[in-house]
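Here is the structure we will look at, set down as structure tokens.
Numbering (the working numbering), first residue to last: 97 to 657.
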């Protein structure tokens with residue numbers, strides 16, 4: 097499968113002139129798209145889930161990573177760290193112009209085939225519905241109501257449906273669950289006709305129905321968790337139904353839903369988290385990972401430039417305060433609160449320290465830098481691959497642990513908690529090797545054992561739920577939409593947490609609220625779908641917590657106060 101993924105990545109970015117002409121014809125002729133093998137369009141739709149580099153630049157590397165306090169600017173956050181930019185919410189346009197339309201094309205192409213030919217594509221049509229459901233859910237997650245059931249129909253209706261109604265988030269969740277259940281039923285049904293091979297088209301599982309069944313169930317559970325504050329009874333009933341079919345659930349990291357891209361795929365600088373500014377992690381995050389000897393620390397971040405030798409040299413030259421004692425910590429974070437830079441006792445973290453070691457003149461900062469190559473395999477002339485996780489076995493383990501800890505379903509919270517940790521450590525070890533991080537030291541079994549026994553990590557029933565949620569947060573380092581969602585859904589990590597604390601963010605002494613969604617675009621009166629769009633906004637504003645359309649501290653339906 098890895099060979100196929102690398103090949104697809106290279107092909108996607110390096111089409112021959114003949115291919116470019118062919119694709120141009122397909123994109124300008126509304127009928128031509130219906131005459132190509134549907135599996136070709138599948139590849140395009142799947143790649144486009146990950147291929148919008150502006151989403152990584154604007155939505156993640158300039159917003160969500162900072163809002164969730166996973167990233168902090170190396171020199172300290174600016175006062176406007178909780179403010180958004182006009183270019184946020186790249187996923188919305190990507191869904192309608194690059195992902196959803198392509199995946200619906202696949203289904204439409206299949207529907208128009210002769211019956212005998214159509215029988216070869218039963219599994220492909222079903223599989224296509226899973227990433228389509230995922231991206232609809234992902235888009236709604238920070239937008240609330242979106243067009244879905246009537247979306248993407250203009251091309252296939254007469255007269256063209258250009259004014260799709262908006263699905264409320266509550267209705268969308270029900271629709272997606274119904275669709276995913278139906279898809280699972282289809283994929284479990286043996287076909288009398290040999291199904292078309294997707295080995296070189298499905299960038300995740302080479303068309304393996306069993307893997308897609310497990311993915312669909314994991315997605316159903318993920319969506320169900322968004323009901324926790326709105327409809328906990330439904331969360332319980334859905335979780336009970338989903339988890340009853342153990343054979344159709346992810347059971348190891350081999351079942352992970354992730355894309356491992358070749359070096360050229362992410363070669364554009366927008367994937368690089370330091371493309372806008374130098375980046376560290378929050379001090380509390382890195383301190384916690386250091387104290388617990390978390391093996392993922394060396395995957396997420398580089399060591400601080402300050403070894404003991406350099407620290408002692410700078411201190412002897414009066415460049416580090418005499419009160420600052422060497423503590424042996426080789427990784428250091430930066431304060432997430434912009435106002436921390438006003439505290440004289442913290443000045444050392446916010447300044448370039450110029451000193452000499454032997455005959456070498458140096459200018460270093462105390463905080464560690466992020467491992468850019470983990471996000472951007474081509475960083476610094478690298479040749480690594482980049483991993484894009486969507487839903488993993490570790491995610492499933494932590495969801496099962498949380499269900500048990502909340503007394504919703506199951507009893508083995510501790511067991512699933514440890515399984516989730518083990519899977520997460522393995523995942524990031526794999527990512528580090530794929531990314532070819534410089535001087536990377538492979539994960540050992542002894543490290544895993546020691547980590548699970550460290551204070552703050554070893555199971556403590558009294559604080560078990562918080563431990564599970566903190567580990568979910570850490571596990572989502574490469575999937576920050578979910579790290580952010582954990583904070584919104586559960587309140588952990590929190591500023592008052594017992595395991596891992598977030599910082600309170602201030603602007604000139606005034607406490608700031610963490611953003612919770614993206615701004616909702618207000619349509620112009622010339623927009624063909626003006627009425628449906630404005631009706632959807634007005635409907636959501638009936639809940640005071642939604643706020644105004646541009647209020648990014650407002651809440652979508654699932655994010656109930």
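All C-beta atoms in this analysis are idealised placements derived from N, C-alpha and C, irrespective of residue type, glycine included.
Between residue 165 and residue 570 a beta carbon distance of about 12 Å is seen, past the 8 Å cut, so the two are scored as non-contacting. Runs of the beta strand (DSSP E) spanning 3 or more residues and lying entirely within the stretch 479 to 538 occur at 482 to 487, in chain order. Residue 351 sits buried, since 16 or more C-beta atoms from the chains shown fall within 10 Å of its C-beta. DSSP, read as helix, strand or coil, puts residue 615 in coil. Given a length threshold of 4 residues, each whole run of the alpha helix (DSSP H) inside the stretch 295 to 334 is given here in chain order: 305 to 321.
Using a 10 angstroms sphere on the CB of residue 342, the tally of other CB atoms stays under 16, which defines it as exposed.
Going by beta carbons, residue 160 and residue 577 fall inside the 8 Å limit. Residue 512 counts as buried, since at least 16 other C-beta atoms from the protein chains shown sit within 10 angstroms of its C-beta. With contacts defined by Cβ atoms closer than 8 Å, residue 525 and residue 542 do not form a contacting pair. In this model, residue 192 and residue 178 are separated by some 27 Å (Cα to Cα). The three-state secondary structure of residue 633, taken from DSSP, is helix. As DSSP reads the structure, residue 204 sits in no beta bridge. For residue 145, there is no enclosing alpha helix (DSSP H), as DSSP gives it neither H nor E. Per DSSP, the unbroken beta strand (DSSP E) holding residue 453 starts and ends at 449 to 453.
Rounded to the nearest angstrom, the gap between the Cα atoms of residue 298 and residue 138 is 7 Å. Here the C-alpha atom of residue 188 lies approximately 29 Å from the C-alpha atom of residue 295.
The Cβ neighbour count for residue 420, taken over all protein chains shown within 10 Å, is under 16; the residue is labelled exposed. Between the alpha carbons of residue 223 and residue 585 lies a distance of about 29 Å. As a beta-bridge residue in DSSP terms, residue 353 pairs with 487. Residue 405: member of the alpha helix (DSSP H) spanning 404 to 412, first to last residue. Within the same chain, 144 come within 6 Å of residue 194 by CB-CB distance, once the 5 residues on both sides are set aside. Under DSSP, the beta-bridge partners assigned to residue 597 are 590.
The residues 602, in chain order, have a CB closer than 6 Å to that of residue 435 in the same chain once the five nearest residues on each side in sequence are set aside. Three or more Cβ pairs drawn from the stretch 458 to 474 and the stretch 162 to 176 lie within less than 8 Å of each other, which places the two stretches in contact. Counting of Cβ neighbours within 10 angstroms places residue 358 among the buried residues, the total reaching 16 or more. DSSP, read as helix, strand or coil, puts residue 271 in helix. Per the coordinates, the alpha-carbon of residue 304 lies some 13 Å from the alpha-carbon of residue 218.
Residue 429 places its beta carbon 8 Å or farther from that of residue 373. In this structure, residue 185 lies away from residue 581, with their beta-carbon atoms at least 8 Å apart. Spanning the alpha carbons of residue 554 and residue 655 requires a straight line of approximately 30 Å. Residue 347 sits in coil when the DSSP states are folded into three classes, being neither helix nor strand. With distances taken between CA atoms, residue 481 lies nearest to 360 out of 360, 408, 400, 132.
Across the structure, residue 335 and residue 407 are spaced so that their CA atoms are roughly 52 Å apart.
Judged by beta-carbon spacing, residue 267 lies beyond the 8 Å limit of residue 257, meaning their Cβ atoms are not closer than that value. Excluding five sequence positions before and after residue 492, the CB atoms of its chain that fall closer than 6 Å to its own CB belong to 314, 346, given in chain order.
With a cutoff of 8 Å on beta-carbon distance, residue 235 and residue 226 are scored as not near each other.
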